[in-house]
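A short worksheet on the structure shown next.
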Amino acid sequence: MNKCVLPDPEKFFEIRFESIGGLGAHAAGQILARAAVLDMDLNGSHFSSYGSEKKGSVVRSYVRLGASDRPIRTSAPIDSPDVIVVFHSALLEQDITIAGLKQSGVLIFNAAADGVPDTLARAPAASRVIRIDATNIAIEELSRPNAVLLGTLTAAAPFLDADIVLRALTEKFKQRNPQAAAANERAFKRGASEFEELHGVGQAEGDLPIIRPSPVLGYETAPIGGVIPYPGNTISNDLSMSRTGWMPLFDEEKCIHCGLCATVCPDFCLVWTHEQSNGDVPKVRLKGVDYQYCKGCMRCIETCPTEALTRVTETPGLADRLRVPLYAGGAPGEN
Amino acid sequence: MATELHAVIREPNPDEPAAGSVRQSTDFLSGNEAAARAARDIGFHVMGYFPITPSTEVAETLSKMQAAGEHDIVMIPADGEHGAAGICYGAALGGGRVLNATSSQGLLYALEQLPVQSSTRVPMVLNVATRAVSGPLDIRCDHSDIYFALNTGWIILLAREPQAVYDLNLAAIRIGEHADVRLPVLVAYDGFFTSHQKRRIRCIEDREALQAFLGEPKTPYTALDPEHPVTFGPYMNDPDLINNKKQHSLAMEAARRVIPEVFAELAELTGRSYPVLDEYRMDDAEVAVVLLNSAAETAKEVADKLRRDGTLAGVLSLNVLRPFPADGIRQALKDVKAVVVGDRADSYGADGGNLSLEVRAAIQLDPDNHTRVLTRIYGLGGKDFDDGDAEEFFNEALEVVKTGRVETPFAYHGIYAGDPHETFAQGLPAIDSAEVSRGMATVTEDPETGRLNVELKPLWAMAEVPGRIAPGHGACPGCGAFPVLHQVFSVLEGDIVVLFQTGCAMVVTTGYPKTAHRVTYIHNLFQNGAATLSGLVEMYHELIRRGELPDSRDITFVMVTGDGGMDIGMGAALGAAHRNHHMMILEYDNEGYMNTGAQLSYSTPLGHRTSTSEVGTARRGKATHHKDTAQIFAAAHIPYVFTASEGYPEDLMRKAAKAQWYAKHEGMSYGKILSFCPLNWTTTDDAAESVLQVAVDACFFPIYEVERGKTNITYDPELLDRRRPVTDWLGQMGKTKHLIKKGNEERVAAIEAEVERRWRRLKAMHEHPEL
Numbered sequence: 001m002n003k004c005v006l007p008d009p010e011k012f013f014e015i016r017f018e019s020i021g022g023l024g025a026h027a028a029g030q031i032l033a034r035a036a037v038l039d040m041d042l043n044g045s046h047f048s049s050y051g052s053e054k055k056g057s058v059v060r061s062y063v064r065l066g067a068s069d070r071p072i073r074t075s076a077p078i079d080s081p082d083v084i085v086v087f088h089s090a091l092l093e094q095d096i097t098i099a100g101l102k103q104s105g106v107l108i109f110n111a112a113a114d115g116v117p118d119t120l121a122r123a124p125a126a127s128r129v130i131r132i133d134a135t136n137i138a139i140e141e142l143s144r145p146n147a148v149l150l151g152t153l154t155a156a157a158p159f160l161d162a163d164i165v166l167r168a169l170t171e172k173f174k175q176r177n178p179q180a181a182a183a184n185e186r187a188f189k190r191g192a193s194e195f196e197e198l199h200g201v202g203q204a205e206g207d208l209p210i211i212r213p214s215p216v217l218g219y220e221t222a223p224i225g226g227v228i229p230y231p232g233n234t235i236s237n238d239l240s241m242s243r244t245g246w247m248p249l250f251d252e253e254k255c256i257h258c259g260l261c262a263t264v265c266p267d268f269c270l271v272w273t274h275e276q277s278n279g280d281v282p283k284v285r286l287k288g289v290d291y292q293y294c295k296g297c298m299r300c301i302e303t304c305p306t307e308a309l310t311r312v313t314e315t316p317g318l319a320d321r322l323r324v325p326l327y328a329g330g331a332p333g334e335n
Numbered sequence: 001m002a003t004e005l006h007a008v009i010r011e012p013n014p015d016e017p018a019a020g021s022v023r024q025s026t027d028f029l030s031g032n033e034a035a036a037r038a039a040r041d042i043g044f045h046v047m048g049y050f051p052i053t054p055s056t057e058v059a060e061t062l063s064k065m066q067a068a069g070e071h072d073i074v075m076i077p078a079d080g081e082h083g084a085a086g087i088c089y090g091a092a093l094g095g096g097r098v099l100n101a102t103s104s105q106g107l108l109y110a111l112e113q114l115p116v117q118s119s120t121r122v123p124m125v126l127n128v129a130t131r132a133v134s135g136p137l138d139i140r141c142d143h144s145d146i147y148f149a150l151n152t153g154w155i156i157l158l159a160r161e162p163q164a165v166y167d168l169n170l171a172a173i174r175i176g177e178h179a180d181v182r183l184p185v186l187v188a189y190d191g192f193f194t195s196h197q198k199r200r201i202r203c204i205e206d207r208e209a210l211q212a213f214l215g216e217p218k219t220p221y222t223a224l225d226p227e228h229p230v231t232f233g234p235y236m237n238d239p240d241l242i243n244n245k246k247q248h249s250l251a252m253e254a255a256r257r258v259i260p261e262v263f264a265e266l267a268e269l270t271g272r273s274y275p276v277l278d279e280y281r282m283d284d285a286e287v288a289v290v291l292l293n294s295a296a297e298t299a300k301e302v303a304d305k306l307r308r309d310g311t312l313a314g315v316l317s318l319n320v321l322r323p324f325p326a327d328g329i330r331q332a333l334k335d336v337k338a339v340v341v342g343d344r345a346d347s348y349g350a351d352g353g354n355l356s357l358e359v360r361a362a363i364q365l366d367p368d369n370h371t372r373v374l375t376r377i378y379g380l381g382g383k384d385f386d387d388g389d390a391e392e393f394f395n396e397a398l399e400v401v402k403t404g405r406v407e408t409p410f411a412y413h414g415i416y417a418g419d420p421h422e423t424f425a426q427g428l429p430a431i432d433s434a435e436v437s438r439g440m441a442t443v444t445e446d447p448e449t450g451r452l453n454v455e456l457k458p459l460w461a462m463a464e465v466p467g468r469i470a471p472g473h474g475a476c477p478g479c480g481a482f483p484v485l486h487q488v489f490s491v492l493e494g495d496i497v498v499l500f501q502t503g504c505a506m507v508v509t510t511g512y513p514k515t516a517h518r519v520t521y522i523h524n525l526f527q528n529g530a531a532t533l534s535g536l537v538e539m540y541h542e543l544i545r546r547g548e549l550p551d552s553r554d555i556t557f558v559m560v561t562g563d564g565g566m567d568i569g570m571g572a573a574l575g576a577a578h579r580n581h582h583m584m585i586l587e588y589d590n591e592g593y594m595n596t597g598a599q600l601s602y603s604t605p606l607g608h609r610t611s612t613s614e615v616g617t618a619r620r621g622k623a624t625h626h627k628d629t630a631q632i633f634a635a636a637h638i639p640y641v642f643t644a645s646e647g648y649p650e651d652l653m654r655k656a657a658k659a660q661w662y663a664k665h666e667g668m669s670y671g672k673i674l675s676f677c678p679l680n681w682t683t684t685d686d687a688a689e690s691v692l693q694v695a696v697d698a699c700f701f702p703i704y705e706v707e708r709g710k711t712n713i714t715y716d717p718e719l720l721d722r723r724r725p726v727t728d729w730l731g732q733m734g735k736t737k738h739l740i741k742k743g744n745e746e747r748v749a750a751i752e753a754e755v756e757r758r759w760r761r762l763k764a765m766h767e768h769p770e771l
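Top line first, the protein sequences correspond to chains P and H.
Position 187 of the first sequence, counted from 1, bears residue number 187 in my numbering, the numbering being contiguous throughout.
Position 304 of the second sequence, counted from 1, bears residue number 304 in my numbering, the numbering being contiguous throughout.
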């Protein structure tokens, strides 16, 4: 066993992975913590925030590391992490993603090297902010973003033995897919070397405040029995984050308005209008996609007989520009 | 002080030679995995189970191990937790070792079986990953489930971390099987906090030494010895029953003696000791908290911190909840001035949860005790209990010590009153009945054939019918349940009331405080949805009959369920079918329990990989063929039964229109609809069209209807020359890829043969004028 020493052996070293279900944050946390406990002479725990077992929703994965002889008693989520790894740059738009980051902490985020999101100004001024294009590296190496990000993490927290983490990564996927081992190793190593440290980004003083989501309704304001007397109020949800790099593009010229796509769209995000010119039979026409609800499954493209719907890579701002809102002007009472 | 603190918070390095006589190794496991590891090491004979979050991983982990040939426990996937409890009871009557794992509603559904097993004195081990009891449905941790088990007569051990889960499962065997005890044992650990949190643990490597510790299972009576026939479960009224209960009570008393003995032997073996009562810095404590399981561990960190500041704080927790260690608690609290008992479940109206009521009762027996007791209900439904919460509990106790007064003996901790000025997303207006009644499907009865004919408007015309489910729901990308619902709801006319059984479509549409439903929606647990809706149907008609509700709305009642709900809910659904209530049942069949992580359902076909029918050297996926639910309903002779695929929208919509007509005019209609699940079929999100097509063309999923008893195949791939071998279908999904590899020919042949047999039978019924 390789003895790894924490930066401060008297304290826990805590890492929080912020991700979307399906990107591999749970597996990354598990690989890291397991390797730390079994091969780095550290004590550790790992757990993830869970909902129903589904893809596309926010997942947080927590790794708590301590000196080998220090018991880990608490099972509470990590509020004040030393490192936050953000798997999807869209998550940076939410304050809660980097909440609680220690002022001396490290923020690693997955994004292409084109501009620095304004939201990063919320990071502590003294923190290290690291950008890595994990998605592209993963695509190029036929690996997954979690392999890249684990590489970046070991580079940013050098007390973690990179060889051991890489070995653990290889072990994890060896059985399921032997070919993946070499791809993961390349992805991991590129993650450890191709990151970019952004200076002067964070503006906040001190540790970031902890954010605990508070309920909207309380025991004096919620209707009794858990009843929801607000039909259809999921329309204020934004599901854009469920898309993983692609979106359907609508070409009105090619559309024959057959309605097939409406029968397969699970997200009810296609927008139809009703047109009636003088004396004609009323026509129902597809106007476009409300990307607020589109999860990018591409079933509409698969079913479209005329290629009026095609798959395109989602670039920043594209969905906002092309969006046709289902509820123009917002729904009644929306906030 | 510093030295003392050091002594308190350090633990032995696991790589130094551990105390304990047996060879062990270090691993990194969650509580569920620890329970599974213990099960493997113990080598139970039989496990009867039904998946429920957060305990499912026990069966899943054992399924993986089984596929890899690591154990030979017979794992029986029950039709529900009630069935699982029955399987376990029956197996245990045979004298071997039996295991189960459950949570929450699963424990409650099994509840009536638990006293049967304990009072007939049949040991087994039941792991409970504790979870809040419905309703509203909450999958996270509290103790409302195990509080219901307090009166079942089972021994209850509490495991606060994965290591304890492993160790106490070993102890449970010895305690329960002890000749003076002979009781089943429940091992409870916190859902998610312990069940899903991985920690460093030590497991026994030397299986022989472990078996020597466990000993052979010995039973005074067995149901499997024809030379010595016995009657289990006689008819026993007064004056006998009370004496049977006295025996039960004596067994519990014997357990008080046996448990510490077994714990001491276990400590010798492993080096890890479990006192019945876990007293942390209680010796000179002035204030204390009493907490069960993971929360107690959090409180210990805070006690350390308070001690550093000079406060005499202690933490009392229990490793054994039944028999309740009242003597120990009385002793431990003797000189404590104020104690906060945290209850992770309320006993409504009793001014305290069960733990605080029992603690109060325990100290009340000591006439010299002056401890002031506060009850705090905390952490319900998985609400975190962190350092700040523990500190607040201690501070409340300190305040009592300071003032000598208990201002609030009972309170909820960590609640939120709400802000009346807070605005809230109101959603969409109710759907106007006329808006959705546009005649998209016109149903007419053909007096000659006795069948209904349906004329559909073109698909484009339907596209603008307002959806009864709003966008913004959280289903996985590509989910097939929503196209199914959309297609069906596009043709239903007028007002509808829906009941969704527990499952994906329920969870992703109603995450509080949001709902995607624009019509009235009801959830009930899937063992009882059909019964619930049938009650509402009858209330509706009776209110109209009495003139208490206008009959102008003509509501259609629709139950929506997954195929999982048609396993556990089969009894209730068939009951409703036999009563022929005017309602529709729609089953979106994605061939598994997908909401809980893809466990096998009875509708999962043979050989398919699921998380409880793993594939490995020793096992090859699910062991039995898929359930033919449509034929079961046809045998109930309801007016209309159909199958459909979301890949054939027009066919499905015609049948949905007919199903509504029959629900209005004649009684129950039922439809089983093949529904795509890319996540768990392991395909790309956009593979629906081809994979659904080939499932139908391979005749795995025949498309037909049984209308007033007459079978009609509505899509016959043979007539269209489109019939394909099942391998074409199996090759398209990750969950079945193993089947088309070499070595699985027999399995594939078995699938093919069963598919063919059912198809031929169906064709014969289609062709015969009376079938």
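The beta carbon of each residue, even a glycine, is placed where N, CA and C say it ideally should be.
- Of all alpha-carbon atoms in 100(P), 255(P), 171(P), the one lying nearest the alpha-carbon of residue 206(P) is that of 100(P).
- Looking from the CA of residue 327(P), the closest CA among 318(P), 115(P), 289(P), 317(P) belongs to 289(P).
- Cβ atoms of residue 313(H) and residue 287(H) come within 8 Å of each other, at about 6 Å.
- At a cut-off of 3 residues, the continuous stretches assigned as beta strand (DSSP E) that sit fully inside the stretch 271-351 of chain H are 277-280, 287-290, 313-318, 320-322, 338-343.
- Against chain P, a Cβ distance below 7 Å from residue 300(H) picks out 73.
- Taking residue 80(P) as the centre and dropping the five residues before and after it, the same chain places the C-beta of 14, 100, 101, 102, 207, 210 closer than 8 Å to its C-beta, in chain order.
- Closest in C-alpha terms to residue 244(H), from the list 118(H), 382(H), 751(H), 77(H), comes 118(H).
- Using a CB distance cut-off of 7 Å, residue 49(H) does not count as an interface residue toward chain P.
- Cα atoms of residue 696(H) and residue 645(H): separation of roughly 8 Å, rounded to the nearest angstrom.
- Its chain contains 34, 37, 38, 201, 203 as the residues whose beta carbon lies nearer than 7 Å to that of residue 166(H), once the 5 sequence neighbours on both sides are disregarded; these appear in chain order.
- Residue 159(P): not part of any beta strand (DSSP E); DSSP gives it neither H nor E.
- Under the 7 Å criterion on CB atoms, residue 237(P) is classed as interfacial with respect to chain H.
- With the rule of 3 Cβ pairs closer than 8 Å, the stretch 434-448 of chain H does not count as touching the stretch 630-641 of chain H.
- For the stretch 143-167 of chain H, the set of residues with a beta-carbon nearer than 7 Å to any beta-carbon of chain P is empty.
- Pairwise C-beta distances place the stretch 245-261 of chain P in contact with the stretch 291-306 of chain P, as three or more of them are shorter than 8 Å.
- Using a 10 angstroms sphere on the CB of residue 601(H), the tally of other CB atoms reaches 16 or more, which defines it as buried.
- Per DSSP, residue 544(H) is not a residue of any beta strand (DSSP E); the alpha helix (DSSP H) it occupies stretches across 529-545.
- Not flagged as an interface residue toward chain P: residue 553(H), since no C-beta distance is shorter than 7 Å.
- Taking 3 residues as the minimum length, the beta strand (DSSP E) runs contained wholly in the stretch 393-427 of chain H are 410-412, in order along the chain.
- Scanning its chain for C-beta atoms nearer than 7 Å, with the 5 sequence neighbours on each side dropped, one finds around residue 131(P) the residues 109, 111, 113, 195, 196, 198, in chain order.
- A straight line joining the alpha-carbon of residue 271(H) with that of residue 265(H) spans about 10 Å.
- In summary, residue 594(H) is buried, with 16 or more beta-carbon neighbours lying within 10 Å of its beta-carbon over all protein chains present.
- Residue pairing of residue 707(H) in beta bridges, as defined by DSSP: 640(H), 710(H).
- A residue is called buried once 16 or more other Cβ atoms fall within 10 Å of its Cβ, and residue 22(P) is buried on that count.
- For residue 225(P), no alpha helix (DSSP H) run applies, since DSSP gives it neither H nor E.
- It is roughly 9 Å from the alpha-carbon of residue 262(P) to the alpha-carbon of residue 272(P).
- Shown here, residue 211(H) sits in a helix according to DSSP, grouped into three states.
- Contact with chain H is found for residue 272(P), since one of that chain's Cβ atoms lies less than 7 Å from the residue's Cβ.
- Counting only runs of 3 or more residues that sit fully inside the stretch 660-734 of chain H, the beta strand (DSSP E) segments are 669-674, 703-707, 710-715, in chain order.
- According to the DSSP assignment, residue 130(P) belongs to the beta strand (DSSP E) that extends over 128-132.
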